[in-house]
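Novice:
2 protein chains.
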Amino acid sequence: MTNRKDRRHERLFVIEGVRLVEEAVRSGARFALTVYNPEQLGTTDRGAALQAALSSMPNTYAAPAEVIEAITDTVSPQGVVAAVGWPELEPGRSGVQLVLDAVQDPGNVGTLLRTAEATGVSQVICLAGSADVYSPKVVRAAMGAHFRLPIVQDVDWDEAPSLLIAADNVYAAVANATMPYYAADWRQPSALVVGNEANGVSDVGLAVATKHISIPMVGPVESLNAAVAGSVILFEALRQRKLGRS
Amino acid sequence: MTNRKDRRHERLFVIEGVRLVEEAVRSGARFALTVYNPEQLGTTDRGAALQAALSSMPNTYAAPAEVIEAITDTVSPQGVVAAVGWPELEPGRSGVQLVLDAVQDPGNVGTLLRTAEATGVSQVICLAGSADVYSPKVVRAAMGAHFRLPIVQDVDWDEAPSLLIAADNVYAAVANATMPYYAADWRQPSALVVGNEANGVSDVGLAVATKHISIPMVGPVESLNAAVAGSVILFEALRQRKLGRS
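Residue numbers (my numbering), protein chains in the order written: chain A, 13 to 258; chain B, 13 to 258.
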């Protein structure tokens, strides 16, 4: 489970901590293996309730804190770690879809998943070259978005357009487009493509996009962090949809 | 220079890499000490031009790559590191001011400084309890904002209101206010208070604020990363000011 190939073959990923494991239970995730420390979980009512819920799952083992520390890569694991199946969620029918075109930093991918959930994105398509959606750093930064947000990964640009559901426009976020992101009509079904931290949206992505948009800035700032840029645009899309106008 | 107390006493901070040192030269920063590696800098025209500019600064020394690696804490330093004076910039007269109320993570503080510059914020007030604005991680994440953005730090809430310039409203970003951030009129001189990652805006900050605002979200997301939340609001403020309407 510590490398990408194993995670893909088994279609499993690792979650740590009470909150994430609770969400996995609630969402009906398939639990392949769970290790918990009764002394840590037993100290709170919430932990005890989780322990009771886990007792009906297959392959659930009690273990001392040292074992859990050895399995996880966080400094202070919260006494429970589990390998669970990749959630398989159907994408919502309309709204905004997010395409990650080789966003490489796991923190950026996780933050974008969290923002995508917070803004009601209907699905996220992670193109080849992006950080592994199920890697521990992405999972931590996404704070449970994996269980509620339809995510597709390991797709390339040949396949991606056919996965987009009825998008009237595909907007590529680029550094120097003349169209500001807030001039787009995000009330229409659409997709947003966020590109690689160093190189931006790929040539294929730029060609697939129907419009290029930028975030207007003041002064000589070079470019924004990919997670900030994507979040600013997705919250503008939500603002327009909440207000019913642009 | 490696600890906060020394940096404060000398009012110096450390910058690494060609781009940041170039910006320091351009902004007329006071260079206290510079160490560069002629072999690394000499390989590009840009590096050579920087080396020429540095030759007129006091206390500039050539050194082998190992020395620079030992001084800096980046993995691949770009062949130049300098200790320069804290920039002292006068705040702009109007616009949006940003108050960091114990934002602790250096990456968040750096990202917020970068966003503040990109959105034309007129000054940033970092309250006690926030990450040191001149620490290496903040400096790296801010990407040069220190040289162009007026920043005050080591201030507490007793003093902060007197530093705010003619702010018609002080908005505190909180989790559950009924007023959405886009209902505020950011064309008026105003201030935005962003709070601590775990505890939000302090009680004093909430009392000083004239209005509390929230970022509306979809679904059960707990809260946004402080840097993302602050950035979303500051770009909305810029959007309103560019369009001249809310």
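Idealized CB from N, CA, C, for every residue including glycine.
To the nearest angstrom, how far is it from the Cα of residue 43 of chain B to the Cα of residue 21 of chain A?
Specialist: Counted from its first residue, the second sequence places residue 43 of chain B at position 31. Counted from its first residue, the first sequence places residue 21 of chain A at position 9. Using only the alpha carbons, I get a separation of about 55 Å.
Novice: Roughly how far, in whole angstroms, is the beta-carbon of residue 185 of chain B from the beta-carbon of residue 161 of chain B, given that I think they are within contact range, below 8 Å?
Specialist: Locating residue 185 of chain B in the second sequence gives position 173, counting from the first residue. Locating residue 161 of chain B in the second sequence gives position 149, counting from the first residue. Incorrect: roughly 19 Å between the Cβ atoms, too far for contact.
Novice: By the three-class DSSP mapping on this structure, what secondary structure does residue 135 of chain A have?
Specialist: Looking up residue 135 of chain A in the first sequence gives position 123. Residue state, collapsed to three classes: strand.
Novice: Answer with buried or exposed for residue 143 of chain B, where buried requires no fewer than 16 other C-beta atoms within 10 angstroms of its C-beta.
Specialist: As a working mapping, residue 143 of chain B is identified with position 131 in the second sequence. The residue in question, residue 143 of chain B, is buried, as its Cβ has 16 or more Cβ neighbours within 10 Å.
Novice: On the DSSP letters alone, give me the boundaries of the beta strand (DSSP E) that residue 184 of chain B sits inside.
Specialist: By one-based count along the second sequence, residue 184 of chain B stands at place 172. Where residue 184 of chain B is concerned, the enclosing beta strand (DSSP E) stretches over 181-185.
Novice: If contact means a Cβ-Cβ distance below 9 Å, which residues of the segment 78-107 of chain A contact chain B?
Specialist: From the segment 78-107 of chain A, no residue has a Cβ closer than 9 Å to chain B.
Novice: Quick check on residue 130 of chain B - is its C-beta less than 8 Å from some C-beta in chain A?
Specialist: The sequence position of residue 130 of chain B within the second sequence is 118, counting from 1. Chain A contact via Cβ: present.
Novice: Counting only Cβ pairs nearer than 7 Å, list the residues of chain A close to residue 237 of chain B.
Specialist: In the second sequence, residue 237 of chain B corresponds to position 225, counting from 1. 123, listed in chain order.
Novice: Once DSSP output is grouped into helix, strand and coil, what is the label at residue 217 of chain A?
Specialist: Position 205 of the first sequence, counted from the start, is the residue given in the question as residue 217 of chain A. Residue 217 of chain A falls in the helix class under three-state DSSP.
Novice: Below 8 Å on the Cβ atoms is my guess for residue 96 of chain B versus residue 62 of chain B; work out the distance and round it to an integer in Å.
Specialist: Sequence index remark: in the second sequence, residue 96 of chain B carries index 84 (1-based). Sequence index remark: in the second sequence, residue 62 of chain B carries index 50 (1-based). With 8 Å as the limit, residue 96 of chain B and residue 62 of chain B do not qualify as a contact, their Cβ atoms being about 14 Å apart.
Novice: Please report how far the alpha carbon of residue 31 of chain A lies from the alpha carbon of residue 45 of chain A, in whole angstroms.
Specialist: Locating residue 31 of chain A in the first sequence gives position 19, counting from the first residue. Locating residue 45 of chain A in the first sequence gives position 33, counting from the first residue. Looking at the two C-alpha atoms, the distance is approximately 17 Å.
Novice: Should residue 244 of chain B be flagged as near chain A, meaning a C-beta pair shorter than 8 Å?
Specialist: Numbered from its first residue, the second sequence carries residue 244 of chain B at position 232. With 8 Å as the cut-off, residue 244 of chain B counts as an interface residue toward chain A.
Novice: Among residues of its own chain, excluding the 5 on either side of residue 239 of chain B, which ones have a beta-carbon nearer than 6 Å to its beta-carbon?
Specialist: The residue you call residue 239 of chain B lines up with position 227 of the second sequence. Excluding residues within five positions, the ones whose Cβ falls inside 6 Å are 120, 123, 124.
Novice: Can you find at least 3 beta carbon pairs, one from the segment 125-134 of chain B and one from the segment 148-166 of chain B, that sit closer than 8 Å?
Specialist: With the cut-off at 8 Å, the segment 125-134 of chain B and the segment 148-166 of chain B touch.
Novice: What does the alpha-carbon distance come out to for the pair residue 53 of chain A and residue 194 of chain A?
Specialist: One-based indexing of the first sequence puts residue 53 of chain A at position 41. One-based indexing of the first sequence puts residue 194 of chain A at position 182. If I take the Cα positions, the gap works out to 47 Å.
Novice: Comparing alpha-carbon positions, which option in A/234, A/37, A/247, A/108 lies nearest residue 200 of chain A?
Specialist: What you label residue 200 of chain A is simply residue 188 of the first sequence in a count that begins at 1. It is A/108.
Novice: Could you tell me which residues DSSP pairs with residue 43 of chain A in its beta bridges?
Specialist: Sequence index remark: in the first sequence, residue 43 of chain A carries index 31 (1-based). DSSP, once it has assigned bridges, lists A/96 as partnering residue 43 of chain A.
Novice: Report, in whole angstroms, the separation of the C-beta atoms of residue 244 of chain A and residue 243 of chain B, which I expect to be a contact under 8 Å.
Specialist: In the first sequence, the residue the question calls residue 244 of chain A occupies position 232. In the second sequence, the residue the question calls residue 243 of chain B occupies position 231. At roughly 6 Å, the Cβ-Cβ gap stays under 8 Å, so residue 244 of chain A and residue 243 of chain B are in contact.
Novice: For the segment 175-206 of chain B, list every residue whose C-beta sits within 7 Å of some C-beta in chain A, in sequence order.
Specialist: Per Cβ criterion, the list reads 194.
Novice: Would you say residue 249 of chain B touches the ligand HEM, meaning its beta carbon is less than 7 Å from a heavy atom?
Specialist: For the structure depicted, the ligand HEM is absent and the ligand set is empty, with no information on it obtainable.
Novice: In this structure, does DSSP put residue 119 of chain A in helix, strand or coil?
Specialist: For this step, residue 119 of chain A is matched to residue 107 along the first sequence. Residue 119 of chain A falls in the helix class under three-state DSSP.
Novice: What residue from B/232, B/149, B/132 has the CA that sits closest to residue 253 of chain B's CA?
Specialist: Stepping through the second sequence from its first residue, residue 253 of chain B is reached at position 241. Ranking B/232, B/149, B/132 by Cα distance to residue 253 of chain B puts B/132 first.
Novice: At what residues does the alpha helix (DSSP H) containing residue 59 of chain A begin and finish?
Specialist: Residue mapping note: residue 59 of chain A aligns to position 47 of the first sequence, counting from 1. Residue 59 of chain A -> alpha helix (DSSP H) spans 57-66.
Novice: Quick one, which residues of the segment 247-258 of chain A are near chain B if we go by CB-CB under 8 Å, in chain order?
Specialist: Under the 8 Å Cβ criterion, the segment 247-258 of chain A contributes 247, 248, 250, 251, 254, 255.
Novice: For residue 80 of chain A, which residues of its own chain have a beta-carbon under 7 Å away from its beta-carbon, when the five flanking residues on both sides are left out?
Specialist: As a working mapping, residue 80 of chain A is identified with position 68 in the first sequence. Cβ within range, chain order: 47, 49, 89, 91, 93.
Novice: Within the 8 Å Cβ cut-off, does residue 228 of chain A reach chain B?
Specialist: Taking the first sequence and counting its residues from 1, the one referred to as residue 228 of chain A is at position 216. Output row for residue 228 of chain A: interface = yes.
Novice: Grab me the residues of residue 247 of chain B's own chain with a C-beta within less than 7 Å of its C-beta, minus the 5 sequence neighbours each way, in chain order.
Specialist: Indexing the second sequence from 1 puts residue 247 of chain B at position 235. Around residue 247 of chain B: 131.
Novice: What's the C-alpha gap between residue 211 of chain A and residue 114 of chain A?
Specialist: Stepping through the first sequence from its first residue, residue 211 of chain A is reached at position 199. Stepping through the first sequence from its first residue, residue 114 of chain A is reached at position 102. Between residue 211 of chain A and residue 114 of chain A, the C-alpha separation is close to 9 Å.
Novice: Going by C-alpha distance, which of B/35, B/150, B/220 is nearest residue 116 of chain B?
Specialist: In the second sequence, counting from the first residue as 1, residue 116 of chain B sits at position 104. If we check each option's Cα against that of residue 116 of chain B, B/150 comes out closest.
Novice: Check the Cβ-Cβ distances between residue 240 of chain A and every residue of chain B, and say whether any is below 8 Å.
Specialist: Position 228 of the first sequence, counted from the start, is the residue given in the question as residue 240 of chain A. Chain B, which has a Cβ nearer than 8 Å to the Cβ of residue 240 of chain A, makes this yes.
Novice: According to DSSP, residue 207 of chain B sits in a beta bridge with which residue or residues?
Specialist: Here residue 207 of chain B refers to the residue found at position 195 of the second sequence. Answer by DSSP bridge pairing, in chain order: B/113.
Novice: Look up residue 11 of chain A in the DSSP assignment and give the residues it is bridged to.
Specialist: Since the first and last residues shown for chain A are 13 and 258, residue 11 of chain A lies out of range.
Novice: Spatial neighbours of residue 71 of chain A within its chain, please: C-beta separation below 8 Å, excluding the five flanking residues on both sides.
Specialist: Residue 71 of chain A sits at position 59 when you count from the first residue of the first sequence. Hits under 8 Å: 43, 44, 45, 46.
Novice: Taking 8 Å as the threshold (beta carbon to beta carbon), is residue 262 of chain A in contact with chain B?
Specialist: With chain A covering 13 to 258 only, the question about residue 262 of chain A has no answer from this structure.
Novice: Closer than 8 Å, CB to CB, is residue 160 of chain A near chain B or not?
Specialist: Along the first sequence, one-based indexing puts residue 160 of chain A at 148. Yes, residue 160 of chain A counts as interfacial toward chain B.
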